[in-house]
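For the record, in the sequence shown the residue sitting at position 410 is 409 according to numbering that gives the first Met the number 0, with numbers rising by one throughout.
Here a beta-carbon is modelled for each residue, glycine too, at the ideal position from N, C-alpha and C.
Here's the structure, in C-alpha coordinates; my notes come after.
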Amino acid sequence: MATTAPISANKAELIAIADSVAKEKLIDREIVIEAMEDAIARSAKTRYGAEMDIRAKLDPNNGDLRLWRVVEVVEQVDDIYKQVNVDQAQKLQKGAVIGDFIVDPLPPIEFGRIQAQASKQIIFQKVRDAERERQYEEFKDRAGEIITGVVKRVEFGHVVVDLGRAEGVIRRDAQIPREVVRVGDRIRSLILKVVRETRGPQIFLSRAHPDFMKKLFAQEVPEIYDGVITIMAAARDPGSRAKIGVISRDGSIDPVGACVGMKGSRVQAVVQEMQGEKIDIIPWSADTATFVVNALQPANVSRVLIDEEEDRIEVVVPDDQLSLAIGRRGQNVRLASQLTGKAIDILTEADASEKRQKEFVERSDLFQQELDVDETLAQLLVAEGFTSLEEVAYVEVQEIAQIEGFDEELAAELQSRASEALERREEAARTERRELGVEDDLANLPHMTEAMLVTLGKAGIKTLDDVGDLATDELVEKRRVEPRRKAETRAAEPKGGVLAAYNLSMEQGNEIIMAAREAAGWFAEEDAVADSAQ
0 MATTAPISAN KAELIAIADS VAKEKLIDRE IVIEAMEDAI ARSAKTRYGA
50 EMDIRAKLDP NNGDLRLWRV VEVVEQVDDI YKQVNVDQAQ KLQKGAVIGD
100 FIVDPLPPIE FGRIQAQASK QIIFQKVRDA ERERQYEEFK DRAGEIITGV
150 VKRVEFGHVV VDLGRAEGVI RRDAQIPREV VRVGDRIRSL ILKVVRETRG
200 PQIFLSRAHP DFMKKLFAQE VPEIYDGVIT IMAAARDPGS RAKIGVISRD
250 GSIDPVGACV GMKGSRVQAV VQEMQGEKID IIPWSADTAT FVVNALQPAN
300 VSRVLIDEEE DRIEVVVPDD QLSLAIGRRG QNVRLASQLT GKAIDILTEA
350 DASEKRQKEF VERSDLFQQE LDVDETLAQL LVAEGFTSLE EVAYVEVQEI
400 AQIEGFDEEL AAELQSRASE ALERREEAAR TERRELGVED DLANLPHMTE
450 AMLVTLGKAG IKTLDDVGDL ATDELVEKRR VEPRRKAETR AAEPKGGVLA
500 AYNLSMEQGN EIIMAAREAA GWFAEEDAVA DSAQ
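Given below as C-alpha coordinates:
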(Lines of atoms letter the chains of each structure in order from A and count residues from 1; the text may use other names and numbers.)
(Lines give C-alpha, C1' and ligand atoms only; values in the text may rest on other atoms or scores of the structure.)
Protein backbone atom coordinates (compact mmCIF):
# COMPACT_ATOMS: atom_id res chain seq x y z
CA MET A 1 0.00 0.00 0.00
CA ALA A 2 1.14 3.54 -0.69
CA THR A 3 1.13 4.41 3.00
CA THR A 4 4.53 2.67 3.50
CA ALA A 5 6.20 5.26 1.31
CA PRO A 6 6.20 8.44 3.49
CA ILE A 7 9.35 7.34 5.27
CA SER A 8 11.53 7.44 2.18
CA ALA A 9 9.33 9.50 -0.11
CA ASN A 10 10.03 13.04 -1.21
CA LYS A 11 7.92 16.02 -0.18
CA ALA A 12 5.48 15.82 -3.09
CA GLU A 13 4.94 12.11 -2.53
CA LEU A 14 4.10 12.65 1.14
CA ILE A 15 1.29 15.04 0.29
CA ALA A 16 0.08 12.83 -2.59
CA ILE A 17 -0.07 9.83 -0.26
CA ALA A 18 -2.04 11.78 2.33
CA ASP A 19 -4.52 12.91 -0.32
CA SER A 20 -4.88 9.37 -1.70
CA VAL A 21 -5.51 7.75 1.70
CA ALA A 22 -8.01 10.44 2.73
CA LYS A 23 -9.93 10.01 -0.50
CA GLU A 24 -9.88 6.22 -0.41
CA LYS A 25 -11.02 5.94 3.22
CA LEU A 26 -13.40 8.92 3.06
CA ILE A 27 -11.81 10.60 6.06
CA ASP A 28 -10.46 14.09 6.69
CA ARG A 29 -7.05 14.81 5.11
CA GLU A 30 -5.88 16.47 8.31
CA ILE A 31 -6.35 13.18 10.18
CA VAL A 32 -4.01 11.42 7.74
CA ILE A 33 -1.43 14.21 8.10
CA GLU A 34 -1.62 13.92 11.90
CA ALA A 35 -1.19 10.14 11.64
CA MET A 36 1.96 10.64 9.52
CA GLU A 37 3.36 13.19 12.00
CA ASP A 38 2.72 10.82 14.91
CA ALA A 39 4.37 7.93 13.08
CA ILE A 40 7.44 10.03 12.19
CA ALA A 41 7.74 11.35 15.77
CA ARG A 42 7.62 7.83 17.24
CA SER A 43 10.17 6.59 14.75
CA ALA A 44 12.44 9.52 15.63
CA LYS A 45 12.34 8.49 19.29
CA THR A 46 14.03 5.20 18.39
CA ARG A 47 16.94 7.23 17.07
CA TYR A 48 17.23 10.03 19.63
CA GLY A 49 15.79 8.29 22.67
CA ALA A 50 12.34 7.16 23.76
CA GLU A 51 12.58 9.35 26.89
CA MET A 52 12.51 12.54 24.84
CA ASP A 53 9.39 14.56 24.05
CA ILE A 54 9.81 14.65 20.26
CA ARG A 55 7.36 16.35 17.93
CA ALA A 56 7.07 16.26 14.14
CA LYS A 57 5.36 18.74 11.83
CA LEU A 58 4.51 18.03 8.21
CA ASP A 59 3.52 21.04 6.14
CA PRO A 60 0.23 20.06 4.42
CA ASN A 61 0.97 22.34 1.46
CA ASN A 62 4.56 21.66 0.45
CA GLY A 63 5.49 18.54 2.43
CA ASP A 64 8.29 20.15 4.48
CA LEU A 65 9.09 18.09 7.56
CA ARG A 66 10.47 19.53 10.82
CA LEU A 67 11.57 17.63 13.95
CA TRP A 68 12.21 19.03 17.40
CA ARG A 69 12.20 18.10 21.04
CA VAL A 70 10.44 20.04 23.79
CA VAL A 71 12.35 20.79 27.00
CA GLU A 72 11.46 22.64 30.20
CA VAL A 73 13.71 25.29 31.76
CA VAL A 74 14.35 24.42 35.43
CA GLU A 75 16.66 25.50 38.19
CA GLN A 76 18.05 22.02 38.82
CA VAL A 77 17.94 19.34 36.14
CA ASP A 78 16.46 16.00 37.23
CA ASP A 79 15.65 14.62 33.76
CA ILE A 80 18.34 15.38 31.19
CA TYR A 81 16.06 14.32 28.35
CA LYS A 82 13.19 16.72 29.10
CA GLN A 83 14.83 19.46 31.20
CA VAL A 84 17.62 22.05 30.83
CA ASN A 85 19.02 24.63 33.23
CA VAL A 86 18.92 28.37 32.58
CA ASP A 87 22.47 28.52 31.11
CA GLN A 88 21.78 25.72 28.61
CA ALA A 89 18.44 27.26 27.71
CA GLN A 90 20.08 30.52 26.65
CA LYS A 91 21.89 28.62 23.86
CA LEU A 92 18.52 27.45 22.53
CA GLN A 93 16.45 30.56 23.14
CA LYS A 94 17.72 33.91 24.39
CA GLY A 95 15.87 35.26 27.42
CA ALA A 96 14.44 31.90 28.49
CA VAL A 97 13.50 31.77 32.17
CA ILE A 98 12.59 29.05 34.62
CA GLY A 99 9.21 27.50 33.79
CA ASP A 100 9.43 28.11 30.03
CA PHE A 101 9.06 25.29 27.53
CA ILE A 102 11.36 25.71 24.54
CA VAL A 103 12.05 23.75 21.38
CA ASP A 104 15.33 22.18 20.40
CA PRO A 105 15.41 21.51 16.62
CA LEU A 106 16.60 18.06 15.57
CA PRO A 107 18.24 17.13 12.26
CA PRO A 108 16.35 14.90 9.81
CA ILE A 109 16.90 11.19 10.20
CA GLU A 110 17.09 8.24 7.86
CA PHE A 111 14.50 5.54 8.51
CA GLY A 112 15.43 1.90 8.32
CA ARG A 113 13.17 -1.04 7.53
CA ILE A 114 12.08 -1.58 11.15
CA GLN A 115 11.25 2.09 11.67
CA ALA A 116 9.38 2.16 8.38
CA GLN A 117 7.29 -0.87 9.37
CA ALA A 118 6.49 0.62 12.78
CA SER A 119 5.46 3.90 11.18
CA LYS A 120 3.27 2.04 8.74
CA GLN A 121 1.43 0.31 11.60
CA ILE A 122 0.87 3.60 13.42
CA ILE A 123 -0.56 5.23 10.31
CA PHE A 124 -2.79 2.21 9.65
CA GLN A 125 -4.12 2.33 13.22
CA LYS A 126 -4.83 6.06 13.10
CA VAL A 127 -6.61 5.70 9.77
CA ARG A 128 -8.66 2.75 11.07
CA ASP A 129 -9.70 4.71 14.17
CA ALA A 130 -10.72 7.68 12.03
CA GLU A 131 -12.62 5.40 9.66
CA ARG A 132 -14.52 3.78 12.55
CA GLU A 133 -15.44 7.19 13.97
CA ARG A 134 -16.65 8.29 10.55
CA GLN A 135 -18.80 5.17 10.27
CA TYR A 136 -20.33 5.76 13.70
CA GLU A 137 -21.11 9.41 12.94
CA GLU A 138 -22.69 8.40 9.62
CA PHE A 139 -25.01 5.73 11.05
CA LYS A 140 -25.68 6.77 14.67
CA ASP A 141 -28.77 8.83 13.77
CA ARG A 142 -30.16 6.40 11.20
CA ALA A 143 -31.79 3.88 13.57
CA GLY A 144 -35.25 3.05 12.24
CA GLU A 145 -34.32 3.42 8.55
CA ILE A 146 -34.41 0.67 5.96
CA ILE A 147 -31.08 0.06 4.25
CA THR A 148 -30.03 -2.22 1.40
CA GLY A 149 -26.78 -4.16 1.47
CA VAL A 150 -25.02 -7.22 0.11
CA VAL A 151 -24.57 -10.39 2.17
CA LYS A 152 -20.84 -10.62 2.83
CA ARG A 153 -20.68 -13.77 4.94
CA VAL A 154 -22.66 -15.94 7.34
CA GLU A 155 -21.04 -16.68 10.70
CA PHE A 156 -22.62 -18.98 13.32
CA GLY A 157 -26.06 -18.20 11.95
CA HIS A 158 -25.50 -14.41 11.99
CA VAL A 159 -25.57 -12.63 8.64
CA VAL A 160 -22.90 -9.97 8.00
CA VAL A 161 -24.08 -7.38 5.47
CA ASP A 162 -21.84 -5.02 3.49
CA LEU A 163 -23.50 -1.60 3.64
CA GLY A 164 -20.96 0.09 1.39
CA ARG A 165 -19.09 2.23 3.90
CA ALA A 166 -19.63 -0.10 6.85
CA GLU A 167 -20.76 -3.55 7.86
CA GLY A 168 -23.96 -4.50 9.65
CA VAL A 169 -25.04 -7.74 11.27
CA ILE A 170 -28.41 -9.45 11.31
CA ARG A 171 -28.36 -11.67 14.37
CA ARG A 172 -30.12 -15.01 14.30
CA ASP A 173 -33.06 -13.78 16.39
CA ALA A 174 -33.53 -10.79 14.05
CA GLN A 175 -33.83 -12.93 10.91
CA ILE A 176 -36.98 -14.28 9.30
CA PRO A 177 -37.19 -17.98 10.24
CA ARG A 178 -36.45 -20.43 7.44
CA GLU A 179 -35.24 -17.65 5.14
CA VAL A 180 -32.33 -18.85 3.01
CA VAL A 181 -29.59 -16.22 2.66
CA ARG A 182 -26.57 -16.68 0.41
CA VAL A 183 -23.36 -14.72 0.06
CA GLY A 184 -23.77 -12.07 -2.62
CA ASP A 185 -27.56 -11.67 -2.16
CA ARG A 186 -28.90 -8.13 -1.97
CA ILE A 187 -30.97 -7.76 1.19
CA ARG A 188 -33.09 -5.06 2.79
CA SER A 189 -33.23 -4.67 6.56
CA LEU A 190 -34.05 -2.23 9.32
CA ILE A 191 -31.27 -0.42 11.18
CA LEU A 192 -32.18 -1.46 14.71
CA LYS A 193 -29.43 0.30 16.66
CA VAL A 194 -25.85 1.51 16.33
CA VAL A 195 -23.46 0.85 19.22
CA ARG A 196 -20.00 2.39 19.59
CA GLU A 197 -17.42 -0.25 20.54
CA THR A 198 -13.63 -0.37 20.68
CA ARG A 199 -13.40 -2.56 17.60
CA GLY A 200 -15.60 -0.18 15.66
CA PRO A 201 -19.29 0.70 15.48
CA GLN A 202 -21.63 -2.28 15.65
CA ILE A 203 -24.63 -1.78 13.34
CA PHE A 204 -27.41 -4.17 14.29
CA LEU A 205 -29.98 -4.89 11.58
CA SER A 206 -33.31 -6.68 11.69
CA ARG A 207 -35.78 -8.24 9.29
CA ALA A 208 -38.06 -9.59 12.05
CA HIS A 209 -38.94 -6.35 13.84
CA PRO A 210 -42.50 -4.96 13.37
CA ASP A 211 -41.01 -1.59 12.35
CA PHE A 212 -39.42 -3.29 9.33
CA MET A 213 -42.91 -4.12 8.07
CA LYS A 214 -44.08 -0.56 8.79
CA LYS A 215 -41.22 0.93 6.77
CA LEU A 216 -41.90 -1.45 3.87
CA PHE A 217 -45.52 -0.32 3.76
CA ALA A 218 -44.36 3.31 3.83
CA GLN A 219 -42.25 2.60 0.73
CA GLU A 220 -45.06 0.81 -1.10
CA VAL A 221 -48.04 2.97 -0.03
CA PRO A 222 -47.69 6.69 -0.91
CA GLU A 223 -50.54 7.61 1.43
CA ILE A 224 -48.55 6.27 4.39
CA TYR A 225 -45.41 8.10 3.29
CA ASP A 226 -47.40 11.33 2.96
CA GLY A 227 -49.03 10.88 6.39
CA VAL A 228 -52.60 10.54 5.09
CA ILE A 229 -52.72 6.97 6.42
CA THR A 230 -51.03 6.04 9.69
CA ILE A 231 -50.02 2.61 10.94
CA MET A 232 -51.11 2.86 14.57
CA ALA A 233 -49.98 -0.61 15.69
CA ALA A 234 -48.17 -3.63 14.30
CA ALA A 235 -47.46 -7.15 15.51
CA ARG A 236 -45.50 -9.95 13.86
CA ASP A 237 -44.82 -13.63 14.12
CA PRO A 238 -41.84 -13.42 11.69
CA GLY A 239 -42.09 -15.67 8.69
CA SER A 240 -45.64 -16.75 9.47
CA ARG A 241 -48.20 -14.03 10.09
CA ALA A 242 -48.55 -10.34 10.95
CA LYS A 243 -51.25 -7.81 11.80
CA ILE A 244 -51.29 -4.04 11.34
CA GLY A 245 -53.87 -1.50 12.47
CA VAL A 246 -54.29 1.46 10.11
CA ILE A 247 -56.32 4.67 10.20
CA SER A 248 -56.97 7.35 7.57
CA ARG A 249 -56.87 11.07 8.26
CA ASP A 250 -58.97 11.60 5.15
CA GLY A 251 -62.51 10.24 5.35
CA SER A 252 -62.61 9.69 1.58
CA ILE A 253 -59.70 7.23 1.65
CA ASP A 254 -60.17 3.65 2.81
CA PRO A 255 -57.00 2.83 4.78
CA VAL A 256 -57.31 -0.93 4.33
CA GLY A 257 -57.97 -0.69 0.59
CA ALA A 258 -55.08 1.74 0.09
CA CYS A 259 -52.67 -0.63 1.83
CA VAL A 260 -53.91 -3.63 -0.15
CA GLY A 261 -53.64 -1.80 -3.46
CA MET A 262 -55.06 -2.67 -6.88
CA LYS A 263 -55.48 -6.45 -7.02
CA GLY A 264 -53.34 -6.67 -3.88
CA SER A 265 -50.25 -5.27 -5.60
CA ARG A 266 -49.04 -3.17 -2.68
CA VAL A 267 -49.46 -5.72 0.07
CA GLN A 268 -48.02 -8.46 -2.13
CA ALA A 269 -44.82 -6.45 -2.58
CA VAL A 270 -44.43 -6.36 1.20
CA VAL A 271 -45.36 -10.05 1.54
CA GLN A 272 -42.71 -11.06 -0.99
CA GLU A 273 -40.02 -9.06 0.82
CA MET A 274 -41.06 -10.77 4.08
CA GLN A 275 -40.80 -14.25 2.55
CA GLY A 276 -44.52 -14.94 2.17
CA GLU A 277 -45.55 -13.77 5.65
CA LYS A 278 -49.35 -13.39 5.70
CA ILE A 279 -50.50 -9.91 6.69
CA ASP A 280 -53.90 -9.00 8.17
CA ILE A 281 -54.67 -5.32 7.58
CA ILE A 282 -57.37 -4.13 9.97
CA PRO A 283 -58.94 -0.71 10.63
CA TRP A 284 -57.68 0.83 13.85
CA SER A 285 -60.22 2.23 16.32
CA ALA A 286 -59.87 4.38 19.43
CA ASP A 287 -62.60 2.25 21.00
CA THR A 288 -60.80 -0.65 22.65
CA ALA A 289 -63.65 -3.13 22.26
CA THR A 290 -64.07 -2.38 18.53
CA PHE A 291 -60.33 -2.65 17.93
CA VAL A 292 -60.15 -6.00 19.74
CA VAL A 293 -63.00 -7.35 17.60
CA ASN A 294 -61.16 -6.21 14.47
CA ALA A 295 -57.83 -7.58 15.70
CA LEU A 296 -59.26 -11.08 16.21
CA GLN A 297 -60.39 -11.36 12.60
CA PRO A 298 -61.19 -13.65 10.86
CA ALA A 299 -62.95 -15.01 13.98
CA ASN A 300 -66.41 -13.69 14.88
CA VAL A 301 -66.78 -12.20 18.36
CA SER A 302 -70.03 -12.33 20.36
CA ARG A 303 -69.10 -9.74 22.98
CA VAL A 304 -66.16 -8.06 24.70
CA LEU A 305 -65.81 -7.47 28.44
CA ILE A 306 -63.10 -5.02 29.54
CA ASP A 307 -61.57 -5.29 33.01
CA GLU A 308 -59.85 -1.94 33.46
CA GLU A 309 -58.60 -2.76 36.94
CA GLU A 310 -56.77 -5.87 35.74
CA ASP A 311 -56.02 -4.34 32.34
CA ARG A 312 -57.43 -7.45 30.66
CA ILE A 313 -60.03 -8.07 28.01
CA GLU A 314 -62.38 -11.03 28.06
CA VAL A 315 -63.65 -12.01 24.63
CA VAL A 316 -66.59 -14.35 24.18
CA VAL A 317 -66.86 -16.23 20.89
CA PRO A 318 -69.29 -18.87 19.57
CA ASP A 319 -68.24 -22.42 20.32
CA ASP A 320 -67.42 -23.14 16.67
CA GLN A 321 -65.18 -20.01 16.47
CA LEU A 322 -62.90 -20.88 19.40
CA SER A 323 -60.09 -22.53 17.43
CA LEU A 324 -60.21 -19.79 14.79
CA ALA A 325 -60.01 -17.04 17.44
CA ILE A 326 -57.10 -18.70 19.18
CA GLY A 327 -55.30 -19.62 15.98
CA ARG A 328 -52.69 -22.27 15.43
CA ARG A 329 -50.59 -22.55 18.58
CA GLY A 330 -52.33 -19.44 19.92
CA GLN A 331 -50.97 -17.26 17.12
CA ASN A 332 -54.12 -15.25 16.37
CA VAL A 333 -54.89 -14.26 19.95
CA ARG A 334 -51.20 -13.61 20.66
CA LEU A 335 -50.87 -11.21 17.74
CA ALA A 336 -54.16 -9.52 18.67
CA SER A 337 -52.85 -9.05 22.21
CA GLN A 338 -49.61 -7.51 20.94
CA LEU A 339 -51.53 -5.29 18.55
CA THR A 340 -53.93 -3.93 21.18
CA GLY A 341 -51.46 -3.91 24.07
CA LYS A 342 -53.96 -5.76 26.23
CA ALA A 343 -54.02 -9.24 27.73
CA ILE A 344 -56.87 -11.16 26.08
CA ASP A 345 -58.79 -14.13 27.45
CA ILE A 346 -60.82 -16.16 24.94
CA LEU A 347 -63.96 -17.85 26.26
CA THR A 348 -66.69 -19.78 24.47
CA GLU A 349 -70.35 -19.04 25.11
CA ALA A 350 -70.46 -22.10 27.37
CA ASP A 351 -67.38 -20.97 29.31
CA ALA A 352 -68.81 -17.46 29.75
CA SER A 353 -72.17 -18.81 30.86
CA GLU A 354 -70.52 -21.09 33.41
CA LYS A 355 -68.39 -18.23 34.71
CA ARG A 356 -71.38 -15.88 35.01
CA GLN A 357 -73.37 -18.54 36.83
CA LYS A 358 -70.52 -19.16 39.27
CA GLU A 359 -70.15 -15.42 39.98
CA PHE A 360 -73.93 -15.09 40.40
CA VAL A 361 -74.01 -17.87 43.00
CA GLU A 362 -70.97 -16.49 44.88
CA ARG A 363 -72.40 -12.96 45.09
CA SER A 364 -75.83 -14.23 46.09
CA ASP A 365 -74.30 -16.29 48.91
CA LEU A 366 -72.32 -13.25 50.03
CA PHE A 367 -75.42 -11.08 50.31
CA GLN A 368 -77.40 -13.85 52.02
CA GLN A 369 -74.78 -14.29 54.72
CA GLU A 370 -73.67 -10.70 55.28
CA LEU A 371 -77.05 -8.97 54.90
CA ASP A 372 -79.06 -11.77 56.51
CA VAL A 373 -81.63 -11.87 53.67
CA ASP A 374 -83.33 -14.71 51.82
CA GLU A 375 -82.07 -16.17 48.55
CA THR A 376 -84.61 -14.37 46.36
CA LEU A 377 -83.75 -10.91 47.66
CA ALA A 378 -80.01 -11.62 47.35
CA GLN A 379 -80.44 -12.77 43.75
CA LEU A 380 -82.42 -9.63 42.94
CA LEU A 381 -79.52 -7.47 44.14
CA VAL A 382 -77.04 -9.43 42.02
CA ALA A 383 -79.34 -9.32 39.00
CA GLU A 384 -79.46 -5.52 39.31
CA GLY A 385 -75.67 -5.34 39.08
CA PHE A 386 -74.61 -5.09 42.74
CA THR A 387 -71.36 -6.98 43.21
CA SER A 388 -70.09 -6.01 46.67
CA LEU A 389 -71.15 -4.83 50.11
CA GLU A 390 -69.50 -1.46 49.46
CA GLU A 391 -71.80 -0.86 46.49
CA VAL A 392 -74.87 -1.62 48.61
CA ALA A 393 -73.69 0.53 51.51
CA TYR A 394 -72.62 3.65 49.64
CA VAL A 395 -74.97 4.08 46.64
CA GLU A 396 -77.95 6.41 46.79
CA VAL A 397 -80.94 4.88 48.56
CA GLN A 398 -83.08 5.49 45.47
CA GLU A 399 -80.92 3.15 43.39
CA ILE A 400 -81.87 0.26 45.66
CA ALA A 401 -85.46 1.42 46.23
CA GLN A 402 -86.21 1.50 42.51
CA ILE A 403 -85.67 -2.28 42.22
CA GLU A 404 -89.02 -3.95 41.61
CA GLY A 405 -90.52 -5.10 44.90
CA PHE A 406 -88.24 -2.83 46.99
CA ASP A 407 -89.11 0.40 48.80
CA GLU A 408 -87.10 3.11 50.60
CA GLU A 409 -87.57 1.49 54.00
CA LEU A 410 -86.15 -1.83 52.75
CA ALA A 411 -83.34 -0.01 50.90
CA ALA A 412 -82.36 1.88 54.05
CA GLU A 413 -82.38 -1.35 56.07
CA LEU A 414 -80.16 -3.10 53.50
CA GLN A 415 -77.71 -0.20 53.54
CA SER A 416 -77.63 -0.28 57.35
CA ARG A 417 -76.91 -4.02 57.35
CA ALA A 418 -74.22 -3.58 54.67
CA SER A 419 -72.54 -0.89 56.76
CA GLU A 420 -72.64 -3.11 59.83
CA ALA A 421 -71.13 -5.99 57.83
CA LEU A 422 -68.32 -3.74 56.63
CA GLU A 423 -67.67 -2.60 60.20
CA ARG A 424 -67.45 -6.24 61.32
CA ARG A 425 -64.97 -6.91 58.54
CA GLU A 426 -62.95 -3.85 59.55
CA GLU A 427 -62.89 -4.90 63.20
CA ALA A 428 -61.87 -8.45 62.30
CA ALA A 429 -59.10 -7.10 60.09
CA ARG A 430 -57.99 -4.71 62.87
CA THR A 431 -57.72 -7.60 65.32
CA GLU A 432 -55.75 -9.69 62.82
CA ARG A 433 -53.52 -6.74 62.02
CA ARG A 434 -52.63 -6.25 65.69
CA GLU A 435 -51.97 -9.97 66.10
CA LEU A 436 -49.51 -9.69 63.20
CA GLY A 437 -47.71 -6.89 65.06
CA VAL A 438 -48.48 -4.06 62.63
CA GLU A 439 -48.12 -0.69 64.40
CA ASP A 440 -51.21 1.45 64.95
CA ASP A 441 -49.38 4.42 63.38
CA LEU A 442 -49.75 2.79 59.96
CA ALA A 443 -53.54 3.11 60.22
CA ASN A 444 -53.16 6.91 60.04
CA LEU A 445 -51.47 6.82 56.62
CA PRO A 446 -53.57 8.13 53.70
CA HIS A 447 -55.66 5.68 51.61
CA MET A 448 -54.89 2.91 54.10
CA THR A 449 -57.52 0.39 55.26
CA GLU A 450 -57.35 -2.34 57.87
CA ALA A 451 -57.43 -4.98 55.12
CA MET A 452 -54.41 -3.35 53.49
CA LEU A 453 -52.61 -3.32 56.85
CA VAL A 454 -53.23 -7.05 57.23
CA THR A 455 -51.73 -7.60 53.77
CA LEU A 456 -48.69 -5.51 54.75
CA GLY A 457 -48.30 -7.45 58.00
CA LYS A 458 -48.36 -10.78 56.17
CA ALA A 459 -45.59 -9.42 53.93
CA GLY A 460 -43.49 -8.51 56.99
CA ILE A 461 -44.08 -4.74 56.69
CA LYS A 462 -45.07 -3.65 60.19
CA THR A 463 -43.55 -0.23 60.96
CA LEU A 464 -43.44 3.25 59.44
CA ASP A 465 -39.78 2.70 58.58
CA ASP A 466 -40.70 -0.53 56.76
CA VAL A 467 -43.18 1.37 54.58
CA GLY A 468 -40.77 4.27 54.09
CA ASP A 469 -38.09 1.88 52.83
CA LEU A 470 -40.34 0.73 49.95
CA ALA A 471 -40.25 2.07 46.42
CA THR A 472 -43.60 3.05 44.95
CA ASP A 473 -43.67 0.16 42.49
CA GLU A 474 -42.85 -2.30 45.28
CA LEU A 475 -45.95 -1.09 47.11
CA VAL A 476 -48.67 -0.64 44.47
CA GLU A 477 -47.46 -1.70 41.01
CA LYS A 478 -49.98 -3.96 39.29
CA ARG A 479 -48.92 -7.42 38.32
CA ARG A 480 -47.97 -8.11 34.74
CA VAL A 481 -50.26 -10.55 32.97
CA GLU A 482 -50.10 -12.54 29.76
CA PRO A 483 -52.91 -13.51 27.39
CA ARG A 484 -54.67 -16.77 28.24
CA ARG A 485 -57.10 -19.03 26.48
CA LYS A 486 -59.54 -19.11 29.40
CA ALA A 487 -60.03 -17.34 32.69
CA GLU A 488 -57.77 -19.81 34.51
CA THR A 489 -56.19 -19.55 37.95
CA ARG A 490 -53.80 -16.64 38.42
CA ALA A 491 -51.86 -18.07 41.33
CA ALA A 492 -48.73 -18.62 39.25
CA GLU A 493 -48.66 -15.11 37.78
CA PRO A 494 -46.39 -12.30 39.06
CA LYS A 495 -48.12 -10.42 41.86
CA GLY A 496 -46.56 -6.97 41.43
CA GLY A 497 -46.55 -4.63 44.46
CA VAL A 498 -47.58 -5.70 47.96
CA LEU A 499 -50.88 -3.78 47.68
CA ALA A 500 -51.39 -4.42 43.96
CA ALA A 501 -54.75 -6.14 44.60
CA TYR A 502 -56.22 -2.91 45.99
CA ASN A 503 -55.88 -0.96 42.72
CA LEU A 504 -54.08 2.04 44.19
CA SER A 505 -52.52 4.45 41.71
CA MET A 506 -48.79 5.23 41.64
CA GLU A 507 -49.60 8.72 42.98
CA GLN A 508 -51.50 7.25 45.93
CA GLY A 509 -48.66 4.82 46.59
CA ASN A 510 -46.20 7.70 46.61
CA GLU A 511 -48.40 9.63 49.05
CA ILE A 512 -48.46 6.64 51.44
CA ILE A 513 -44.67 6.23 51.36
CA MET A 514 -43.93 9.95 51.80
CA ALA A 515 -46.42 10.18 54.68
CA ALA A 516 -44.74 7.17 56.36
CA ARG A 517 -41.31 8.76 56.02
CA GLU A 518 -42.57 12.04 57.43
CA ALA A 519 -44.33 10.32 60.34
CA ALA A 520 -41.19 8.30 61.05
CA GLY A 521 -39.18 11.53 61.35
CA TRP A 522 -36.94 10.98 58.34
CA PHE A 523 -37.17 14.57 57.15
CA ALA A 524 -36.58 15.95 60.65
CA GLU A 525 -33.35 13.93 60.80
CA GLU A 526 -32.26 15.28 57.42
CA ASP A 527 -32.97 18.85 58.56
CA ALA A 528 -30.97 18.28 61.72
CA VAL A 529 -28.00 16.97 59.72
CA ALA A 530 -28.23 19.95 57.37
CA ASP A 531 -28.37 22.39 60.31
CA SER A 532 -25.38 20.69 61.92
CA ALA A 533 -23.41 20.94 58.67
CA GLN A 534 -24.19 24.64 58.40
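- In the three-state scheme derived from DSSP, where H, G and I count as helix and E and B as strand, A241 is classed as strand.
- Taking A268 as the centre and dropping the five residues before and after it, the same chain places the C-beta of E219 closer than 7 angstroms to its C-beta, in chain order.
- Three or more beta-carbon pairs drawn from the segment 515-524 and the segment 452-472 are found closer than 8 angstroms, and the two stretches are therefore classed as touching.
- Distance between T375 and D210, taken at the CA atoms: about 57 angstroms.
- By the criterion of a C-beta distance shorter than 7 angstroms, R152 is surrounded in its chain by V159 and V182, once the five residues flanking it on both sides are discounted.
- For the pair I460 and V453, the Cα-to-Cα distance works out to about 9 angstroms.
- Between L379 and F359, the C-beta gap is not smaller than 9 angstroms, which leaves the two residues out of contact.
- With a beta-carbon spacing of about 5 angstroms, L338 and K242 fall inside the 8 angstroms limit used to define contacts.
- Per DSSP, reduced to three states, the secondary structure at P59 is coil, with no helix or strand assignment.
- For L321, the uninterrupted alpha helix (DSSP H) segment begins and ends at L321 to I325.
- Rounded to the nearest whole angstrom, the C-alpha separation of R177 and I169 is 14 angstroms.
- Separation of V266 and K214 (C-alpha to C-alpha, rounded to the nearest whole angstrom) is 13 angstroms.
- Nearest to L64 by alpha-carbon distance, out of D236, I79, A38 and S504, is A38.
- DSSP places R265 in the uninterrupted alpha helix (DSSP H) bounded by S264 to E272.
- By the Cβ neighbour-count rule, K357 is exposed, with fewer than 16 other Cβ atoms within 10 Å of its own.
- Scanning S251, R206, G98 and V314 for the CA closest to the CA of G238 turns up R206.
- Where P209 is concerned, the enclosing alpha helix (DSSP H) starts and stops at P209 to E219.
- Rounded to the nearest angstrom, the gap between the Cα atoms of G520 and S387 is 38 angstroms.
- Residue M451 holds the alpha-carbon nearest to the alpha-carbon of V497 among R424, G326, R432 and M451.
- In this model, P59 and I53 are separated by some 19 angstroms (Cα to Cα).
- Secondary structure in the segment 279-365: the beta strand (DSSP E) runs of 3 residues or longer, each lying completely within the stretch, are 302-306, 311-316 and 342-347 in chain order.
- Out of F203, I281, R424 and R68, the CA that lies nearest to the CA of G244 is found in I281.
- By the criterion of a C-beta distance shorter than 7 angstroms, D236 is surrounded in its chain by Q330 and L334, once the five residues flanking it on both sides are discounted.
- In the three-state reduction of the DSSP assignment, M451 falls in the helix class.
- When E71, R328, V149 and A233 are compared, the shortest CA-CA separation from F290 is found for A233.
- Fully contained in the segment 160-188 are the following beta strand (DSSP E) runs of length 3 or more, in chain order: 166-169.
- When C-alpha distances from F366 are compared across V391, E348 and E353, the shortest belongs to V391.
- Inclusion of L189 and I146 in the CB contact set at 9 angstroms is warranted, their separation being smaller than that value.
- In the DSSP annotation of this structure, the continuous segment of the alpha helix (DSSP H) that includes M35 starts and ends at R28 to Y47.
- In the structure shown, M51 falls within a coil segment according to DSSP collapsed to helix, strand and coil.
- Assigned with DSSP and collapsed to three states, R432 falls in helix.
- Taking a contact as a CB-CB distance under 8 angstroms, the pair I246 and M231 counts as one, their CB atoms being some 6 angstroms apart.
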